[in-house]
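In our numbering, the protein residues as written are 75 to 321. We treat Cβ as the ideally placed atom computed from N, Cα and C, and that holds for glycine. Everything numeric in this text was worked out from a predicted model, so none of it was measured. Heads up, the thing below is written out as structure tokens.
Next up, the structure:
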């Protein structure tokens, strides 16, 4: 029987998971979904994601794929999984794709969004989905710093250890701040690929610039230094959302 390749589009709340990737003795999104798929197709499967989100990180549209010898219809997969999965994971769509499709390596670009609540009082109901910063941020400085990132550059200053020998050069097509009033701010970054913790490291550093701890010239020097030690803090995970993947 020939194997088929099935693509899933997912949304999930990463709050209670130890990230995407399967781990020993830890609850992960990959393992949770794989177990339910295996119940339906009666064989072992490996779910490949467009990117491995970290613990506490969310997804509005994560893309993954798996191969199976089962003849089960993708629509049945979608309905079945949504009946079996916990309510913090949703299968938005399921479809057959060409056998060579690979959720990670076939991706052309991804979009991440980081959410910040910039006001005195925290939001007790949204605390798992944003970074609360009490001190008013200089939005013009943040916007200027983000603009510096556009184009094809070496992002070594914003990659965490664990990236291995991965090429640090990436192309950023969008790096924008949305929300001009005090309150909810959204940093949106679109690139052809991301290094480990790259978005969180960028956000943490532009926030330090927005707080006046780093000047724009200082940010420029950090970017050019290609040295992670010179950059700012890593933003906490709960404000980060994988928004979309393009193929």
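- 213 is the residue among 213, 186, 175 whose C-alpha sits nearest the C-alpha of residue 192.
- In the DSSP annotation of this structure, residue 295 is not part of any beta strand (DSSP E); the continuous alpha helix (DSSP H) holding it starts and ends at 290–299.
- Residue 313 and residue 189 have their C-alpha atoms spaced approximately 5 angstroms apart.
- Residue 221 places its beta carbon 8 angstroms or farther from that of residue 244.
- By the neighbour-count criterion, in which a residue is buried when 16 or more other Cβ atoms sit within 10 angstroms of its Cβ, residue 252 is exposed.
- Residue 196 counts as exposed, since fewer than 16 other C-beta atoms from the protein chains shown sit within 10 angstroms of its C-beta.
- Look at the beta carbons and you see the segment 155–171 not touching the segment 294–310: under three pairs across the two are nearer than 8 angstroms.
- The criterion of a C-beta distance shorter than 8 angstroms is not satisfied by residue 216 and residue 130.
- In this chain, the beta strand (DSSP E) harbouring residue 225 covers 225–228.
- A distance below 6 angstroms between beta-carbons, with the five flanking residues on each side excluded, links residue 288 to the following residues of its chain, in chain order: 282.
- Taking the CA atoms as reference points, residue 111 sits about 19 angstroms from residue 133.
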